[in-house]
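The listed protein sequences derive, respectively, from chains A and B.
Heads up: the first sequence begins at -18 in the numbering used here, then just goes up one per residue.
Heads up: the second sequence begins at 13 in the numbering used here, then just goes up one per residue.
From the three backbone atoms N, C-alpha and C, an ideal C-beta is built for every residue, glycine too.
These numbers come from a predicted model, not from an experiment.
Working notes, beginning with the structure itself.
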Amino acid sequence: MSFSPTHFEIERRLIYFDKRLKGKALICLPEDLIKRFHLFPAEDILLESGGTKIVLKIGVPLDDSDAVRIDPVYDYVLPTNPNTKIQIKKKIDQILPAKDLRLLIEEQVDKEEVLDLIHSERLFNINAFYTLKGMKFVLSTANTNMEITSVMASRDLITEIITFESLEDWKSKWSDFLNKEKEAKKLEKSIGSLEQELSQKENQLQELCLELQEKVKICEKWEQFFAPLMAACGLYDNKKKNEIVQQIKKQAERYKRFSEQKGEIELQSGKMTFEKIKENLSNIFSLSQTGTDIKREDISTTLKIIVEETEELLRNVCNTN
Amino acid sequence: MSVTPTKFETKCNIINEKLDELRVQRQDLKSKKNELDEKLTEIKENREELSNTFADLSNQTEEFINSILNFLKELEEDSQGYEPLNRFVKDAKKCVEKINLSSIKDDQEPPKEYIDTAIKLFSFMKLLEEKIQNAETFLSEKVRVKRRL
């Protein structure tokens, strides 16, 4: 048996309502299966979700009064003529909140295998078979053939067998599971954005580090400029500067004064030489007075020297001034 | 009545473990993010500090250079009677005048001649001290000679 996607899409929305269970059980079975095995009376095919009940009449045109006649609990009666399936789907989509349907029938199952099994084992008392989030569930009643469901479980055709007694508990677990799955998705999303943010920040950090490294390199170069300057600055502060200027002024002044005084010093030095010569001369004269034999040439030479030295001295003094 | 060890519960356990792992992972990522934020803040602060330090240094240096130029001008004037020092000061002044810090930025390396000038200036300051010392010694010596005479 094969189904086209469109066909399956419609068929998998057919949910069987077992009257015997008074609305407690829901089953999803393809219409072909229902027809083929005459599993259920046509008028019992019901869609239920969020408290809305819809009866589908397969191949039998019905009006609203029929629904009331069949069961007053039905809210809608829709004819399910194969030619009008698309319209039915549209109507169902309008009536049933999509999320409720998604909750009930989420994933495709290997229908061939399930159908074969149902056929071969005549699993007429399986009350619900549906898949959710990749898991396959059989909702069982007290009279469900547990042996067969166990076979199904062992063949991995089902993930879980849920009895009606444990339905409420299961619903809460399922809801918890869904919430956790939602939270996991949220966490994954949050982790994804965190990772993205981290990656951006890491890039930013890397760029900043590179920029800083570059700046440090440049600053090291500037340090080569600043270091001697600062060292020079250390040799020179305002106080020191004033001291230096004062010192230089003082020294320049002293140097100037020294230059001016140089002539005087030399003059004094000359005077001293002159005095010395005079002293020598007087010594010579004293000697002559004491009768020592003094030659005229000696006196003449001495006088000549005195004149020359005096002239030299005067010249020096004039030049200096 | 549940007849098989529930695979659903296994799946629940898996999701619980996954949730725990994800929570830990998210916590780790958050911690890492905080660390990165701290590092980023620190680096940004460092960068700002570096820029500020550079700006301060530039300003100080500019002030120092202006001040040393004025000093050299004074020195040039005052050392007019002392020719060797005067010449030396004139050279140093020329050298310092080459530095123009108004256009410098911390993302550009300093021109090589700035570094050379800074080194020269430092040498100048050292030499200046020596020269002043020498001049002092020289003058003291002369004064001593004068006194002796």
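Subject >> Proximal chain A residues relative to Thr73/B, where beta-carbon distance stays under 7 Å >> reply: Under the 7 Å cutoff, chain A gives Phe207 and Leu210.
Original post:
Going along the segment 172 to 192 of chain A in order, which residues come within less than 9 Å of chain B, judged by CB to CB distance?
Top reply: Those residues of the segment 172 to 192 of chain A placed with their C-beta closer than 9 Å to a C-beta in chain B are Ile172, Leu175, Glu176, Glu178, Leu179, Lys182, Glu183, Gln185, Leu186, Leu189, Cys190 and Glu192, ordered along the chain.
**OP:** Quick one: using the 10 Å Cβ neighbour count with 16 as the cut-off for buried, is Leu87/B buried or exposed?
**Re:** Buried is the call here.
**OP:** With DSSP collapsed to three states, give me the class of Gln120/B.
**Re:** Residue state, collapsed to three classes: coil.
Original post:
If we ignore side chains and look at the alpha-carbon of each, how far apart do Gln72/B and Leu139/B end up?
Top reply: Computed Cα separation, rounded: 23 Å.
Original post:
Quick check: the segment 97 to 106 of chain B against the segment 179 to 198 of chain A, are there 3 or more CB pairs under 8 Å?
Top reply: Contact fails: fewer than three Cβ-Cβ distances are below 8 Å.
**OP:** Can you tell me the Cβ-Cβ gap for Ile199/A and Asp68/B, rounded? I've got them flagged as a contact below 8 Å.
**Re:** Not confirmed; about 16 Å, so no contact.
Original post:
Which term fits Leu133/B, buried or exposed, when burial requires 16 or more other beta carbons within 10 angstroms of its beta carbon?
Top reply: Counting the other Cβ atoms within 10 Å of the Cβ of Leu133/B gives 16 or more, which makes it buried.
Subject >> Neighbour-count burial assignment, Ile26/B, 16 or more Cβ in a 10 Å radius >> reply: Only exposed fits Ile26/B, as fewer than 16 other CB atoms lie within 10 angstroms of its CB.
**OP:** Can you have a look at Ser91/B and say buried or exposed, based on whether 16 or more other CB atoms are within 10 angstroms of its CB?
**Re:** The Cβ neighbour count for Ser91/B, taken over all protein chains shown within 10 Å, is at least 16; the residue is labelled buried.
Subject >> Arg59/B: contacting residues in chain A (beta-carbon distance under 9 Å) >> reply: Listed along the chain, the chain A residues whose CB falls inside 9 Å of the CB of Arg59/B are Leu189, Glu192, Leu193 and Lys196.
Subject >> Where Glu164/A meets chain B, residues with beta-carbon distance less than 7 Å >> reply: Contact note: Glu164/A reaches chain B through Leu31, using a C-beta cutoff of 7 Å and chain order.
Original post:
Along chain B, which residues have their Cβ under 8 Å away from the Cβ of Glu169/A?
Top reply: For Glu169/A, the C-beta contacts it makes with chain B under 8 Å involve Leu34, in order along the chain.
**OP:** Taking Glu60/B as the reference, give the member of Lys202/A, Lys196/A, Ala212/A and Leu210/A with the closest Cα.
**Re:** Relative to Glu60/B, the option among Lys202/A, Lys196/A, Ala212/A and Leu210/A whose CA is nearest is Lys196/A.
Subject >> Chain-ordered neighbours of Lys202/A on chain B, where CB pairs are closer than 8 Å >> reply: Within chain B, the C-beta atoms nearer than 8 Å to that of Lys202/A come from Glu121, Pro122 and Ile127, in chain order.
Original post:
Along chain B, in chain order, which residues have C-beta atoms closer than 9 Å to that of Lys161/A?
Top reply: Per Cβ cutoff of 9 Å: Cys24, Ile27, Asn28, Lys30 and Leu31.
Subject >> Ser114/B (DSSP reduced to helix, strand or coil) >> reply: Reduced to three states, the DSSP call for Ser114/B is coil.
Subject >> Other residues of its chain near Glu149/A: CB distance less than 6 Å, five sequence neighbours each side excluded >> reply: Sequence-distant Cβ neighbours of Glu149/A in its own chain, meaning closer than 6 Å and more than five residues away, do not exist here.
**OP:** Check each candidate in Ala130/B, Asp32/B and Lys45/B and name the one with the smallest Cα separation from Lys182/A.
**Re:** Of the candidates Ala130/B, Asp32/B and Lys45/B, the one whose C-alpha sits nearest the C-alpha of Lys182/A is Lys45/B.
Original post:
How big is the Cα-Cα spacing for Leu179/A and Ser70/B?
Top reply: Answer to the nearest angstrom: the Cα atoms are 37 Å apart.
Original post:
So, are the CB atoms of Leu168/A and Leu31/B less than 8 Å apart?
Top reply: Contact annotation: Leu168/A and Leu31/B have beta-carbon atoms nearer than 8 Å.
Original post:
If we cut at 8 Å on Cβ distances, does Ala67/B have a partner in chain A?
Top reply: The beta carbon of Ala67/B does not come within 8 Å of any beta carbon belonging to chain A, so the residue lies off that interface.
Original post:
With a cut-off of 8 Å, does the C-beta of Lys42/B fall near any C-beta of chain A?
Top reply: Contact of Lys42/B with chain A is assigned, a C-beta pair being separated by under 8 Å.
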